[in-house]
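In the UniProt record's numbering, the protein residues as written are 1 to 190.
In structure tokens form, the structure reads like this:
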């Protein structure tokens with residue numbers, strides 16, 4: 001029996017659908033375990049979670065009860081590790097979304113490829129150690145100006161950009177797309 005995302009068990013003449021939370025094999029016990037829930041809640045409002053051992057090589061394997069305190073310890077340790085991994089993944093995800101925004105009080109200007117640009121704001125992605133610059137051409141008569149976004153490659157001694165490069169991947173753009181949109185919206189409100 002392969003544990004998939006959901007599975008159905010007949011109990012007391014009723015079919016109950018469970019959602020698999022975690023499966024793992026423990027060499028010491030020589031067993032496969034599954035942690036699952038039907039998303040029902042106990043009297044305190046906590047989601048009920050069940051644990052069983054099973055045989056992945058037997059189709060429609062029965063779900064067997066945990067037999068000993070040692071097996072409960074194995075399951076508890078596995079859940080602790082799984083929870084720590086989930087929390088670390090959430091922390092990484094939140095860190096990737098945290099982008100520091102620095103709005104330039106005095107518009108910095110820089111030259112690149114013979115043109116002068118004005119810096120509107122910069123974004124710092126500390127996790128990936130990248131800085132991005134939002135900038136526009138400095139000399140323009142147009143009412144609407146396209147905001148350019150690039151990765152800061154070099155700064156001068158005053159911290160003013162001297163070389164800006166392109167956003168190289170879709171993944172990199174997805175990381176900054178939302179904060180860039182928020183900055184542009186903020187600048188449009190001024």
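Yeah, the Cβ is synthetic: ideal placement off N, Cα and C, and Gly gets one too. Model, not experiment: these values are computed from the prediction.
- Query: In or out: residue 117 buried (at least 16 other Cβ within 10 Å) or exposed?
  - Reply: buried
- Which stretch, first to last residue, makes up the beta strand (DSSP E) that contains residue 68? Counting along the chain, residue 68 falls outside any beta strand (DSSP E), and DSSP gives it neither H nor E.
- Message: Here's a check: name, in chain order, each residue in its chain whose Cβ is nearer than 7 angstroms to the Cβ of residue 192, leaving out the five neighbours to either side.
- Response: The chain is shown from 1 up to 190; residue 192 falls before or after that span and cannot be answered.
- Message: Buried or exposed for residue 103, going by 16 or more other Cβ atoms inside 10 Å?
- Response: Here the model assigns residue 103 a pLDDT of 43, short of 50, so the residue's position is not dependable and the matter cannot be decided.
- Just how far apart, CA to CA, sit residue 183 and residue 121? 8 angstroms
- Message: Taking only three categories from DSSP, how would you classify residue 27?
- Response: coil
- Task: Identify the continuous beta strand (DSSP E) that holds residue 137 and give its terminal residues.
- Result: 130-137
- Taking 9 angstroms as the cut-off, decide whether the C-beta atoms of residue 52 and residue 34 are in contact. yes
- Item | Secondary structure of residue 114, DSSP reduced to three states | coil
- Query: Which residues in the same chain as residue 47 place their Cβ atom closer than 7 angstroms to its Cβ, once the five residues preceding and following it in sequence are excluded?
  - Reply: 37, 39 and 41
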